[in-house]
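Trainee: Per our numbering, residue 343 is the first one in the sequence shown, and the count goes up by one each step. A virtual CB, placed ideally from N, CA and C, is assigned to each residue, including glycine. Just so we're clear, the structure is a prediction, and the values are computed from it rather than from any experiment.
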Amino acid sequence: MQRHLGWMGKPLYYATLIFGAAMMVVPFLWMFSTSLKVESDVFQFPPEWLPDPARPENYPDALTIAPFARYLANSAFVTITDTVFSLTVCAMAGYAFARFHFRFRNTIFIAVLATMMVPVHVELIPQFILMRGLGWIDTFQALIVPSIFWPFGIFLLRQFFMTVPKELEDAARMDGAGHLRILFGLMVPLSLPAMAALGIFKFMFTWNSLIAPLIFLTSREKFTVTLGLATFQGQYETQWALLMAATVVALVPIITVFLIGQRYFIQGVALSGLKR
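1) Distance, Cα to Cα, M458 vs T430?
2) What first and last residue would you give for the alpha helix (DSSP H) that runs through L485?
3) With distances taken between CB atoms, is the gap from S417 to V567 smaller than 7 Å?
4) If contacts are defined as beta-carbon pairs under 8 Å, then M434 and F558 qualify, I think. What distance do you get, rounded to the angstrom?
5) In chain order, what residues of the same chain have a beta carbon less than 6 Å from the beta carbon of A396, not counting five sequence neighbours either side?
6) For the putative contact between L532 and G436, defined by C-beta atoms under 8 Å, what is the C-beta separation to the nearest angstrom?
7) Mind pulling the alpha helix (DSSP H) runs of 4 or more residues that sit fully within the region 547-607?
8) Going by Cα to Cα distance, which pick from H463, A536, M529 is closest to S551?
9) Quick check on the burial criterion: 16 or more other C-beta atoms within 10 angstroms. Buried or exposed for G603?
10) If we count the other Cβ atoms within 10 Å of its Cβ and call it buried at 16 or more, is W372 buried or exposed?
11) Give the DSSP-derived three-state secondary structure of F533 in the structure shown.
12) Would you call the region 579-592 and the region 508-520 in contact, with 3 or more CB pairs under 8 Å?
13) Could you tell me how far apart the beta carbons of K326 and T425 are, in whole angstroms, since I believe they sit closer than 8 Å?
14) Pull up the distance between the alpha-carbon of K352 and that of A453, whole angstroms please.
15) Over the uninterrupted alpha helix (DSSP H) stretch that includes G520, give me the two end residues.
16) On the premise that F439 lies in contact with I496, defined as a C-beta separation below 8 Å, what is that separation, rounded to the nearest angstrom?
17) Taking L528 as the reference, give the member of F503, W549, A539 with the closest Cα.
18) DSSP three-state call for L392: helix, strand or coil?
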């Protein structure tokens with residue numbers, strides 16, 4: 343693409359990319375800057391990017407004004423459990439759609455994809471009725487179990503599994519491997535880029551989820567990070583500096599996971615669409 347841009351197009355191309363990157367980074371810089379300000383300087387205009395005086399005490403204050411360590415632990419448990427179980431279910435379902443031949447396979451797969459078009463908010467009332475019937479209100483099961491079935495994950499892994507040569511499976515069967523051994527001993531290791539991409543997506547979606555915890559959780563000791571951040575917003579005022587400090591802390595796990603898996607993330611997204 344860059345070879346066809348010409349001598350004027352190339353600088354414009356990079357300038358556009360830099361501008362887009364800056365638009366993405368500026369809100370994070372403002373958030374970090376605000377987390378170090380005193381409350382009276384938060385909405386100062388023009389904004390002061392380097393707080394003077396800086397107040398790093400906002401961070402310990404934010405973590406002690408509410409049981410934020412507990413909220414982080416709750417989010418970590420829900421997110422990790424949901425991600426592991428979801429990837430397992432998606433791998434099994436994706437392998438079935440990619441390799442098994444059964445009646446109405448394509449129809450069922452289309453139905454699975456069709457659920458991606460249903461807004462999440464439409465499902466909340468039926469889910470609440472179901473969770474109440476199961477006695478799962480104010481439990482972590484209500485957050486984990488409904489989101490284990492992930493149509494996008496099934497689709498992505500199905501696409502990736504279809505790129506794996508069938509000769510590898512035939513060789514494994516000659517060694518006496520069954521379906522589960524082929525899946526977890528052959529297909530999953532070969533699909534690590536796609537699994538990493540899905541893991542990052544799922545981790546971010548679950549960690550940032552607000553609607554489900556807001557509906558299903560009632561006990562403060564079971565709040566997740568997203569609900570914990572809401573404690574800094576009162577009826578008449580919002581503690582913006584403390585809120586931004588807590589938000590910076592809440593972003594650290596997501597950024598860490600992405601930095602660790604970004605190489606696999608890019609490779610997995612690219613390879614998953616090579617073959618139908």
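Mentor: According to the data block:
1) 19 Å
2) 483-490
3) yes
4) That pair is no contact at about 26 Å.
5) L378
6) No, L532 and G436 are not in contact; Cβ-Cβ is about 13 Å, not under 8 Å.
7) 553-558, 567-571
8) H463
9) buried
10) exposed
11) One point to set straight first is that residue 533 is Ser, not Phe, in the sequence displayed. Here S533 sits in coil by DSSP.
12) no
13) In the structure as shown, the chain begins at 343 and stops at 618. Residue 326 is therefore absent and cannot be evaluated.
14) 44 Å
15) Unbroken run through G520: none, as it is neither H nor E.
16) 7 Å
17) F503
18) coil
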